[in-house]
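See structure below.
In mature numbering (1 follows the signal peptide of the UniProt record, and there is no 0), the protein residues as written are -19 to -1, 1 to 183.
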């Protein structure tokens, strides 16, 4: 009887395990624009995590056309609802394509990062670059936004999320802006090295 009581006490005192929640805040690049959702890189990430035994729940809150300002309007409610342990920020490309002043993009992205960290989440910033036709000065200042935010908030960083696909026409859709289904695994491989250290042990 005593042994049963001791075992019961040990079970009750053992910490309850719960899945880590990963929130992806992105735009069309993470919303599987133009392809089947299950072929998008976020879905492929979810599959990899399950296959490798990670206790991670992936929430994809990405919306096509999203900007950093739009993300700011949605993030507080998402943080409250999901209480994520990791937040992946893939925003800024649409700001750049619209010619938004880089300090505004940086301020918004910094706020997104800070709100996530205040929630207690680790943050991974996915950097972007623009085509050269936007001019060297603007493209340089735009690209610097992501590095500066990551440095200021001490977050993980992928310098250029589209690095492995942007100049490969066979991996891009006809619009030249969005990776096709064949390009999605390359996006995952670009993100994985920076994300893996943030994950719990499988």
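Here a beta-carbon is modelled for each residue, glycine too, at the ideal position from N, C-alpha and C.
Quantities reported herein were computed from a predicted structural model and do not represent experimental measurements.
Close beta carbons around residue -2, own chain, < 7 Å, minus the five adjacent residues each side: none
Opposing strand residues paired with residue 61 [DSSP bridges]: According to DSSP, which records beta bridges pairwise, residue 61 is partnered with nothing at all.
Reduced DSSP secondary structure (H/G/I, E/B, other) of residue 146: coil
Status (buried if at least 16 other CB within 10 Å, exposed otherwise) for residue 58: exposed
CB contact flag (residue 68, residue 88, <8 Å): no
Alpha helix (DSSP H) segment containing residue 11, residue limits: Neither: residue 11 is in no alpha helix (DSSP H) and is coded neither H nor E.
Beta-carbon proximity list for residue 100, same chain, < 6 Å, skipping 5 on both sides: 60
6 Å CB neighbourhood of residue 145 in its chain, flanking five on each side removed: 167 and 171
For residue 106 and residue 136, believed in contact at Cβ under 8 Å, the rounded distance: 5 Å
Where residue 123 falls, given that 16 or more other Cβ within 10 Å makes a residue buried: buried
Whole-Å CB distance - residue 71 paired with residue 43, under 8 Å assumed: 7 Å
Residue from 29, 149 and 7 with nearest C-alpha to residue 49: 7
Cβ pair residue 108, residue 140 closer than 8 Å: yes
Cβ of residue 55 within 8 Å of any chain B Cβ: Absent here is chain B; the protein component of the structure consists of one chain.
Beta-carbon contacts of residue 30 that lie in its chain and below 6 Å, excluding the five residues immediately before and after: 37
Beta carbon of residue 154 nearer than 8 Å to that of residue 138: no
Buried or exposed (CB count within 10 angstroms, at least 16 for buried), residue 149: exposed
Beta-carbon separation (whole angstroms), residue 156 vs residue 103, contact threshold 8 Å: Wrong, their Cβ atoms sit about 33 Å apart, outside the cutoff.
Sub-8 Å separation of residue 21 and residue 159 beta-carbons: no
Inside the stretch 74 to 101 only - alpha helix (DSSP H) runs reaching at least 4 residues: 74 to 78 and 83 to 99
Proximity below 8 Å, CB of residue 45 to CB of residue 12: yes
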